[in-house]
Amino acid sequence: MISPDSAIREDTPMGHTHDHPHSHGHGHGHGHGHTHEHGHDHHHPNTELDAATLAALDESVPDSDLSPTEVSRRALLRSAGILGGTAALGITGAQVAAANDYGWVFQPGNRPNVWLAGDHHIHTQLSSDGLYRVIDQARHAAAYGLDWLVITDHGGATHARIGVDLVNPQIKAARSELKNTLIFQGLEWNIPAAEHGTIFVAPGSREVDVLKQFENEYDGSVKGAGANTPTNEALAVSGIQWLGQQVDQRRVADALFLANHPARNGIDSPHEIRNWRDADPRIAVGFEGAPGHQAAGLPYGAASARGLYGNSPNANSFPGYPAESYRTWGGFDWMTATVGGLWGSLLAEGKPWWISANSDSHQNWNETARRPDGSSQAQFDRDGRYMDPVYSNAVNSTASDFWPGFYSRTHVGADRRDYLAVMEGLRNGRVWVDHGALVKGVDVEVREVGKRYGEPLGGALVTRKGRPVELVVRITAQTLPNWANFVPSLNRVDVIQGSVNGLVTDRDTFTTPNTKVVRQWDTSGRRGTFELVYPLGNAEEPFYVRVRGTDGNRSQPGYLGAAVDPAGPKLDVVGDADPWVDLWFYTNPIWVLPK
Numbered sequence: 002m003i004s005p006d007s008a009i010r011e012d013t014p015m016g017h018t019h020d021h022p023h024s025h026g027h028g029h030g031h032g033h034g035h036t037h038e039h040g041h042d043h044h045h046p047n048t049e050l051d052a053a054t055l056a057a058l059d060e061s062v063p064d065s066d067l068s069p070t071e072v073s074r075r076a077l078l079r080s081a082g083i084l085g086g087t088a089a090l091g092i093t094g095a096q097v098a099a100a101n102d103y104g105w106v107f108q109p110g111n112r113p114n115v116w117l118a119g120d121h122h123i124h125t126q127l128s129s130d131g132l133y134r135v136i137d138q139a140r141h142a143a144a145y146g147l148d149w150l151v152i153t154d155h156g157g158a159t160h161a162r163i164g165v166d167l168v169n170p171q172i173k174a175a176r177s178e179l180k181n182t183l184i185f186q187g188l189e190w191n192i193p194a195a196e197h198g199t200i201f202v203a204p205g206s207r208e209v210d211v212l213k214q215f216e217n218e219y220d221g222s223v224k225g226a227g228a229n230t231p232t233n234e235a236l237a238v239s240g241i242q243w244l245g246q247q248v249d250q251r252r253v254a255d256a257l258f259l260a261n262h263p264a265r266n267g268i269d270s271p272h273e274i275r276n277w278r279d280a281d282p283r284i285a286v287g288f289e290g291a292p293g294h295q296a297a298g299l300p301y302g303a304a305s306a307r308g309l310y311g312n313s314p315n316a317n318s319f320p321g322y323p324a325e326s327y328r329t330w331g332g333f334d335w336m337t338a339t340v341g342g343l344w345g346s347l348l349a350e351g352k353p354w355w356i357s358a359n360s361d362s363h364q365n366w367n368e369t370a371r372r373p374d375g376s377s378q379a380q381f382d383r384d385g386r387y388m389d390p391v392y393s394n395a396v397n398s399t400a401s402d403f404w405p406g407f408y409s410r411t412h413v414g415a416d417r418r419d420y421l422a423v424m425e426g427l428r429n430g431r432v433w434v435d436h437g438a439l440v441k442g443v444d445v446e447v448r449e450v451g452k453r454y455g456e457p458l459g460g461a462l463v464t465r466k467g468r469p470v471e472l473v474v475r476i477t478a479q480t481l482p483n484w485a486n487f488v489p490s491l492n493r494v495d496v497i498q499g500s501v502n503g504l505v506t507d508r509d510t511f512t513t514p515n516t517k518v519v520r521q522w523d524t525s526g527r528r529g530t531f532e533l534v535y536p537l538g539n540a541e542e543p544f545y546v547r548v549r550g551t552d553g554n555r556s557q558p559g560y561l562g563a564a565v566d567p568a569g570p571k572l573d574v575v576g577d578a579d580p581w582v583d584l585w586f587y588t589n590p591i592w593v594l595p596k
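Residue numbers (my numbering): 2 to 596.
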């Protein structure tokens, strides 16, 4: 049931909605953060409490008995204010061991100074199924309000041979013309044994060299490594580790990987996703919570499957996935949309793993461009790109895609407006996503009751055991029409909470217990910037919390039942899934770690 607002304070600049403290009496927590030993000029997260960290935390061992790595780690922990060791954290030796099981690392997050909207999955005429020039995509992205974008043409033999080189001058020219838009070069990786993924690097003199070498050595299509075999799975892991090595060697300043449309064909098994993340958590940071191709569901357009999620199992699919996983739910991937599902099972291990949303723009709905006469597959294979598009004198009303920024947005909290800050924001999970410009702004934090500030999205609140904590959600309602020419209305906001249970024994686990919707606010008619506060009780055990919101037009009980999710996104129907009448936003999680 949707609970009514219990209190609204009008004596402050924002309206504040508070739940009564008795509404939920259990708190759980988790913490993670960012340390590294790689000498970059930006921070990368350490993965887990490894042996060096555990040794460094044990202050009964003098520095003289530690290895150089352990001494360095202890100095890092001291500088971060964590040592004196376990005493400073209030953690016993047994709790440190348990923390290692959860994958905790300790460092608070930073509140974003600016939110930058972007899209990490965009194709051009250098993709075998693309159409537009880089500047076409970049101009539209900027016009539709994006601050950053990644060009991700399909990996493959032609792209690996010449495409990586050919697209770079176009990207540099677009950077020069659109000086306020951050334009990354990347590619869409054919992940060995799995689906596609975005790979991109920070701009620099070696961006082409690194991407080209990566594609030639690790692309599943180039290497003939598409089949679901252990050897091919290992190749994918090696590719992620190789990217981390390029950052360590300073060939590029940074690199990231996000898995694209992970549930579309059922071939991204849970253990593969875990293996990617564990291969190098600095590089492998998440997957598409909502895929592109959202226009495909328009009943007056392609009348196909929203997100082009209209498939069924094949020989390489993971057999445990149900039929429902091959469809989107409210435009979101089943792995993300299912409360207590695969995404939740990763978070319940204490593993940072983030979601994004993007266009996957190839050829855009209601557009008039076409390839010119003479531009063919044979011409593409020879030249590495199609000829420039021309005016067609006809509207393409059955295309599956929207322009970047037209419908899907990934909002990244950053310290500043530059390339490395965007990548760091993505890595740190300072991210919320939305469809159809549902809201103007979302800011979420978890804080100790009585404190002014807490931990932002992607962060971890380290607090004394038993201390009361609360979730604070600040939303700025939409006032402007979106690109479908109506002003969206945010009619409900949901809080999702899950306990942290430690590492799973079966790496193909894709559900988790003790995760559910714990609060639903009716926000119909709310205007301006308003604040929702939800008491999380006393922090006794580790947990995470995340938030989603909706226009409320289409809902149903979640895949794991109404007790877990009473009114979640609805399973999208092939042929009749108008994306504009089913709008949602999702945030990434925040953890709490009692100490």
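Note that the Cβ used here is the ideal one computed from N, Cα and C, for glycine as well.
Nonlocal neighbours in the same chain, by C-beta distance under 6 Å from residue i, ignoring five residues either side
i	result
Y387	Q126, R372, S376 and F381
S128	D154 and H155
A88	Note on A88: pLDDT 33, under 50, position unreliable in the model; the coordinate value appears next. Nothing listed; no residue qualifies.
V565	V340, G341, K517 and G559
T48	Bear in mind that a pLDDT of 36 at T48, under 50, signals an unreliable position, so the model cannot answer this.
R275	R508
G240	Y219
Buried versus exposed, by CB contacts within 10 Å (16 or more), residue i
i	result
A306	buried
S360	buried
E178	exposed
Q246	exposed
V248	buried
N114	exposed
V391	exposed
P231	exposed
A316	exposed
G26	For G26, the predicted structure reports a pLDDT of 35, less than 50, and the residue's modelled location is therefore unreliable. A value from the coordinates is still provided. The residue is exposed, with fewer than 16 neighbouring Cβ atoms inside 10 Å.
Y133	buried
F487	exposed
R251	exposed
P292	buried
Check whether residue i and residue j have beta carbons under 8 Å apart
i	j	result
F586	V440	yes
Y145	G406	yes
P661	K466	Residue 661 is absent from the structure shown; the chain starts at 2 and stops at 596.
P457	R417	no
T337	V445	no
P580	Y301	no
N367	S398	yes
S401	A296	yes
G290	A358	yes
Cβ shell of residue i (< 7 Å), same chain only, five flanking positions each side left out
i	result
S326	A264, G267 and W335
P314	G267
Backbone CA spacing between residue i and residue j [nearest angstrom]
i	j	result
V209	V165	6 Å
R383	L188	19 Å
A175	L117	18 Å
L504	K180	45 Å
H160	W190	11 Å
I200	E532	37 Å
L257	R207	15 Å
S490	G526	8 Å
L212	V434	27 Å
N233	W355	24 Å
G412	T530	Residue identity check: residue 412 is His in the sequence provided, not Gly. About 18 Å.
N217	Q498	42 Å
L150	G414	15 Å
G157	L481	42 Å
A194	P271	13 Å
P63	A139	56 Å
L599	D130	No information on residue 599 is available, as it lies outside the stretch 2 to 596 that the chain covers here.
A324	L343	15 Å
R475	D495	13 Å
For residue i, the residue or residues it bridges with in DSSP
i	result
H155	E189
F536	It is Pro, not Phe, that sits at residue 536 in the sequence shown. In the DSSP output, where bridge partners are listed per residue, P536 has E471.
R549	D495 and Y587
W330	F333 and L572
L404	Before going on, a small fix: residue 404 reads as Trp here, not Leu. Per DSSP, none; premise fails for W404.
Cutoff 8 Å; reference residue i; Cβ partners in own chain excluding five residues on either side
i	result
K571	W330, G331, R555, S556, Q557 and D583
L147	A118, G119, D120, T182, P405, G406 and R410
V135	T125, I152, V168, Q171, I172, A174, A175 and I184
R162	G385
L236	P193, A194, Y219, G221, K224 and A226
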